[in-house]
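In what follows, a single structure is set out as structure tokens and then discussed.
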Amino acid sequence: MAESSASQEKSEQLAEQVATQIRQQGGSLDPAYKALEAGIAQFQQSGLPLESLIPAGERGLGFAARHAKDGKSFWEIYGKVVRNKLCTKNSKLHTLAQSGTQLSAASLVGFVMGALALPAAAIGIAAAIAGIIASLGIDAFCEYTKPANVA
Amino acid sequence: MSLEEIREVLRSTAYMSASLQLEFEVQRLSESLSGRAKAFIWIATHKYEPGPLTFKETWGHVWAEDEQTTDSFAALSIDEKAEVLGFFTFQIHELTHHFDFLTTPFGVNVHGKLFREYRAFQRFAPLLLREVAAPPGRFVDYDPLAGGQRPSDEFLAAWREVHDIDATLEALGDGGMPPHAQNVVPGWGNDNKSIVLLNRPVDRITVRGFLYTVTVPDEPGWYLRPSTILETRALIHCLMWVLKLFGKDERAREPISVYLDSFYARDTIEPDYIFLLDLFAGAWENDDFLSFVRTAPMLLLQQFLMMTDAACWYALQAPPPMPDASAVRSSPIIRLFHALRFFYGAYGNRTAYTTAVDAMMAMDSAKEASGFELTDISQILAYCAGFAQYLGQLNQREILDPVLRGHFDHVLGVQQRRLFQRVPKGYISYSGMPEDGHPVLGIRSEKDVDDLPFDAYVADARVRDWFSFRNNFVYHYLHSESVAGSLTDFFGDKTQK
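For the protein sequence lines, the chains are A and B, in the order given. FYI, the working numbering numbers position 150 of the first sequence as 196, with every residue one higher than the one before it. FYI, the working numbering numbers position 208 of the second sequence as 401, with every residue one higher than the one before it.
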């Protein structure tokens, strides 16, 4: 129990760090990719396949399916799916965006874990995602401000 | 920018093998093509009036035979060339998957298991909802006895039935991911030594206790699996089509290299696509397949593609478990190893076979074949046709949901007819091993036309919902309330049949 709470705390710190670095680097997601890589390595130590993290519906055999090899390719493949899952019109993020609440990256870690139903081993990945959301802002992350994407 | 957009569209294109549907954004593809690529397509298809392209316009021309087409292609940039090659091949890729699932014993094995899984869930889901609500984590890793729980015997028996089917499907690559690492062990039985496959040592592993296969070097967690065979065939068929378009001679070399560079760069794609091609190219002392393509004489490249295609076709004739044999006979991987080694040996010994089918018949009677429990292909095909028919009858008797029953009836019916039709022909299949790579051009009968095109069947939304849910539930993480809601929706209140 103490170990799990320490890991939660560490992840919250990481999320804040990622958010700060993204802001400092003018919106570059490189710090998040680096954090994702560390999170992926941590997750893979659990023996679970990385592909299990993001539900994708019926399995399809594709023309040239991409392979997540690092933080950047992970985000290129799964970023859109993550956004679609987190930003639905019934989601907590949507409610928060409407109320104009600003959330810290640390407070978003638990939200990301819960909303994506992630297993405990994926907390490092959730921290990186939380950092991205906090640094971009909910509106920009969910693209709520784009007319075609208003939930 | 156009090529990047085309890549995105084509990467989002997928054949959904369980529901038999092609997912493809036709509008987005045509909007993403650059102006010059669009202009080339009009020239290459000899399209003189606006409107959708007909089959003949799309597939009825050999570009090398028309000077205007070859000149126009030569004038395109590398990216534009890739755009048009992607445009003219993606359907061949997905059609290859579609035909493979509907016309081979491996397809019968997979669809038979998807049917049996649904039937087992029909029994298990009400018990799960009553006794547990929703299992934590991925269903494929679920152990109802973990944590000191003691569900009813009825529950355990029903769970075991679903679990055993799902564990088998998982090993075969159904979820698109390897199993939990604890279910992949080094070696085959007591044999932990590397196996030399086409001059290259590869590590043996056993997946889920029954699938003997090998690891993919430098790709942690990946192993040679049926998807590797399916994707290899799909890619080969596309390359054979490009070869045909360019006259099957030296003119095809550049387009093939452009195609592979643009869509199949090793560091960006799943290893399934080119692992086998790299492995086979290694036997000709090449670092990888791309090097082989750049230097091999075109006739050798053609033979190479035909041999690899034939080895994969041979592998897909692995049947569902037959009463008189072990899991070895049902392994497409074991059949593939046998075929690759056989072809390589025959090439080295300069043993010539008139056709790939003759070579496959010789593989069946080779002395090492008895160790793999191989049996006569006609016997396999007849068994599969009968098996699909038997499952079809079970479906009619036992599946309560009329929509899902209708789906399984369609799939198993098509398989029964296609496999039965193949019995007297054995390995011969013009759509299974199409001369120029295009499966539809191998169709020879009216009945094939009724059963095999994509538009011959549209799965109901409920069917798609089921396969989407079961894939997420079995291999991913879902909220317990959404699991309970979906299981209730699919199995909660059905009138007894």
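We put the CB at the ideal spot given by N, CA and C, even for glycine.
Residue nearest to residue i in terms of C-alpha spacing, selected from the options
{"i": "Arg312(B)", "options": "Tyr623(B), Leu587(B), Val303(B)", "result": "Leu587(B)"}
{"i": "His531(B)", "options": "Pro371(B), Gln510(B), Met515(B)", "result": "Gln510(B)"}
{"i": "Lys640(B)", "options": "Glu591(B), Pro344(B), Leu612(B), Lys249(B)", "result": "Leu612(B)"}
{"i": "Lys437(B)", "options": "Asn302(B), His254(B), Ser519(B)", "result": "His254(B)"}
{"i": "Ala268(B)", "options": "Ala427(B), Gly599(B), Ala552(B), Pro448(B)", "result": "Pro448(B)"}
{"i": "Lys249(B)", "options": "Pro617(B), Ser675(B), His631(B), Asp644(B)", "result": "His631(B)"}
{"i": "Gln572(B)", "options": "Leu597(B), Arg615(B), Pro595(B), Arg598(B)", "result": "Arg615(B)"}
{"i": "Pro394(B)", "options": "Gly382(B), Thr408(B), Trp381(B)", "result": "Thr408(B)"}
{"i": "Gln284(B)", "options": "Gly108(A), Val155(A), Leu142(A)", "result": "Gly108(A)"}
{"i": "His669(B)", "options": "Ala163(A), Gly183(A), Ile68(A)", "result": "Ala163(A)"}
{"i": "Phe683(B)", "options": "Leu645(B), Leu597(B), Val651(B), Tyr620(B)", "result": "Leu597(B)"}
{"i": "Arg105(A)", "options": "Pro595(B), Leu423(B), Gln261(B), Ala207(B)", "result": "Ala207(B)"}
{"i": "Val301(B)", "options": "Phe497(B), Phe565(B), Gln582(B)", "result": "Gln582(B)"}
{"i": "Gly330(B)", "options": "Gly177(A), Pro165(A), Ser181(A), Ala180(A)", "result": "Pro165(A)"}
{"i": "Thr238(B)", "options": "Asn542(B), Gln220(B), Thr263(B)", "result": "Thr263(B)"}
{"i": "Asp185(A)", "options": "Ala143(A), Leu94(A), Ser137(A)", "result": "Ala143(A)"}
Euclidean distance between Cα positions of residue i and residue j
{"i": "Ser119(A)", "j": "Ala559(B)", "result": "45 Å"}
{"i": "Ser92(A)", "j": "Phe187(A)", "result": "29 Å"}
{"i": "Gly402(B)", "j": "Ile358(B)", "result": "13 Å"}
{"i": "Leu680(B)", "j": "Pro101(A)", "result": "17 Å"}
{"i": "Lys131(A)", "j": "Asp480(B)", "result": "42 Å"}
{"i": "Thr361(B)", "j": "Gly85(A)", "result": "30 Å"}
{"i": "Ser420(B)", "j": "Glu463(B)", "result": "10 Å"}
{"i": "Phe666(B)", "j": "Val435(B)", "result": "40 Å"}
{"i": "Ala61(A)", "j": "Ala152(A)", "result": "6 Å"}
{"i": "Asp465(B)", "j": "Glu628(B)", "result": "23 Å"}
{"i": "Ala65(A)", "j": "Asp644(B)", "result": "54 Å"}
{"i": "Ala374(B)", "j": "Lys386(B)", "result": "20 Å"}
{"i": "Asp411(B)", "j": "Lys115(A)", "result": "11 Å"}
Pair within 8 Å by beta-carbon distance, residue i and residue j
{"i": "Ala174(A)", "j": "Ala78(A)", "result": "yes"}
{"i": "Ser638(B)", "j": "Phe292(B)", "result": "no"}
{"i": "Cys431(B)", "j": "Thr282(B)", "result": "yes"}
{"i": "Tyr503(B)", "j": "Phe485(B)", "result": "The sequence shown places Ala at residue 503(B), not Tyr. In this structure, Phe485(B) does not lie closer than 8 Å to Ala503(B) by Cβ."}
{"i": "Glu198(B)", "j": "Ser225(B)", "result": "yes"}
{"i": "His600(B)", "j": "Asp653(B)", "result": "yes"}
{"i": "Val355(B)", "j": "Phe308(B)", "result": "no"}
{"i": "Gln315(B)", "j": "Ile592(B)", "result": "yes"}
{"i": "Phe280(B)", "j": "Ile234(B)", "result": "yes"}
{"i": "Tyr452(B)", "j": "Leu278(B)", "result": "yes"}
{"i": "Glu273(B)", "j": "Arg229(B)", "result": "yes"}
{"i": "Cys505(B)", "j": "Ile422(B)", "result": "yes"}
{"i": "Tyr335(B)", "j": "Pro328(B)", "result": "yes"}
{"i": "Leu320(B)", "j": "Ala364(B)", "result": "no"}
{"i": "Ala427(B)", "j": "His286(B)", "result": "yes"}
{"i": "Ala257(B)", "j": "Gly440(B)", "result": "yes"}
Within chain C, partners of residue i - CB distance below 7 Å
{"i": "Glu104(A)", "result": "Judged by its chain identifiers, the structure shown contains no chain C, and its protein chains are A and B."}
Where residue i sits in the DSSP three-state scheme
{"i": "Tyr335(B)", "result": "coil"}
{"i": "Gly170(A)", "result": "helix"}
{"i": "Arg610(B)", "result": "helix"}
{"i": "Arg105(A)", "result": "coil"}
{"i": "Tyr668(B)", "result": "helix"}
{"i": "His405(B)", "result": "Sequence inspection shows Tyr at residue 405(B); the His mentioned does not correspond to that position. DSSP places Tyr405(B) in strand when its eight states are reduced to three."}
{"i": "Asp594(B)", "result": "coil"}
{"i": "Ala207(B)", "result": "strand"}
{"i": "Asp384(B)", "result": "strand"}
{"i": "Glu463(B)", "result": "coil"}
{"i": "Gln144(A)", "result": "helix"}
{"i": "Thr377(B)", "result": "What sits at residue 377(B) in the sequence shown is Val, not Thr. DSSP places Val377(B) in strand when its eight states are reduced to three."}
{"i": "Glu149(B)", "result": "Chain B is shown from 194 up to 690; residue 149(B) falls before or after that span and cannot be answered."}
{"i": "Thr399(B)", "result": "strand"}
{"i": "Leu390(B)", "result": "strand"}
{"i": "Arg663(B)", "result": "helix"}
{"i": "Arg312(B)", "result": "helix"}
{"i": "Tyr151(B)", "result": "Shown here, chain B extends from 194 to 690; a query on residue 151(B) therefore has no answer."}
{"i": "Tyr416(B)", "result": "strand"}
{"i": "Arg637(B)", "result": "coil"}
{"i": "Arg112(A)", "result": "strand"}
{"i": "Thr282(B)", "result": "coil"}
{"i": "Asp569(B)", "result": "coil"}
Presumed contact (8 Å Cβ cut-off) between residue i and residue j, rounded CB distance
{"i": "Ser53(A)", "j": "Ile169(A)", "result": "6 Å"}
{"i": "Ala476(B)", "j": "Tyr416(B)", "result": "Going by Cβ atoms, the distance from Ala476(B) to Tyr416(B) rounds to 20 Å, so no, they are not a contact pair."}
{"i": "Ala111(A)", "j": "Arg418(B)", "result": "That belief does not hold up - the Cβ atoms of Ala111(A) and Arg418(B) are roughly 14 Å apart, past 8 Å."}
{"i": "Arg397(B)", "j": "Ser450(B)", "result": "That pair is no contact at about 34 Å."}
{"i": "Asn664(B)", "j": "Gly103(A)", "result": "6 Å"}
{"i": "Met433(B)", "j": "Leu498(B)", "result": "6 Å"}
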